[in-house]
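Single-structure report; data block below.
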Amino acid sequence: MKLFLPPSSTRAVGCLTLALVAFCSVTLARDLDQDEALRLRQQGAILPLEQLLKQALDHYPGAKLLEAELEEKHGVYMYEVELLTTDGVVRELDLDAVTGQLLKDKED
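Heads up: the sequence shown runs through residues -29 to -1, 1 to 79, numbered per mature numbering (1 follows the signal peptide of the UniProt record, and there is no 0).
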C-alpha cells in the first residue's frame, strides 16, 4: 500500500523533522557549573583546567584567554576555550577534558 501525502503535508513533516533535529542537537550539549566541574576533577574524571589552558595557549604563543567552559556533548566532557591571538583573531578550541586531545580548532 502506497501512502500519498500532498506537498503541503510533506513540507510540514520536513519542517517538523528539522525542528526536532535542531532541538535534540541543543539538548545534547550542556555547560557544567563550577561545583560539577570540581566534583569531576576531584574524582579524577577530567584533567585540571590549568593543564589544558597551558596546552591551548601553547598552540598560540602570546594569545590571551577570553573564555573557558566545561561542557558535556554527546557524553564527552570537553573544555571549550576561546583565545585572542596576537594577530587579533579569535580562535575556538575544543579539548577533550579526559585525554587533553585537541578536538577542534577554528576561527570564531
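Even for Gly, the Cβ is constructed at its ideal location relative to N, Cα and C.
Which residues in the same chain have their Cβ closer than 6 Å to the Cβ of residue i, if we skip the five residues on either side of it in sequence?
i	result
LYS44	ALA(-1)
GLU40	ASP2, GLU51
TYR31	LEU54, THR56
ALA27	VAL52, LEU64
Would you kindly work out how many angstroms separate the C-alpha atoms of residue i and residue j, rounded to a whole number?
i	j	result
ASP2	LEU66	14 Å
LEU36	LEU64	11 Å
LEU23	GLY46	19 Å
ASP29	ALA8	23 Å
VAL60	LEU74	19 Å
SER(-5)	GLU42	Unreliable placement is indicated for SER(-5), whose pLDDT of 47 sits below 50; no coordinate value is reported for it.
ALA16	GLN5	15 Å
PRO19	LYS77	23 Å
Determine the DSSP secondary structure at residue i, reduced to helix, strand or coil.
i	result
ALA39	strand
ALA(-1)	strand
VAL47	strand
Can we count residue i as close to the ligand GDP, meaning its CB is less than 7 Å from some heavy atom?
i	result
LEU74	The ligand GDP is absent from the structure shown, which contains no ligands of any kind.
Just reading off the alpha helix (DSSP H) that residue i is part of, what are its end residues?
i	result
ALA8	5 to 13
ASP58	Unbroken run through ASP58: none, as it is neither H nor E.
LEU20	20 to 30
When you compare each of the options to residue i by their alpha carbons, which one comes out closest?
i	options	result
GLN72	GLU38, ASP4, GLY33, TYR48	TYR48
ASP79	LEU18, GLN14, GLU38	GLU38
GLY33	LEU11, GLN14, ARG62, VAL69	ARG62
What residues in its chain sit with their C-beta under 7 Å from that of residue i, if we drop five residues either side in the sequence?
i	result
ASP58	none
Less than 8 Å between C-beta atoms, sequence neighbours within five positions excluded: which residues of the same chain meet that for residue i?
i	result
LYS25	none
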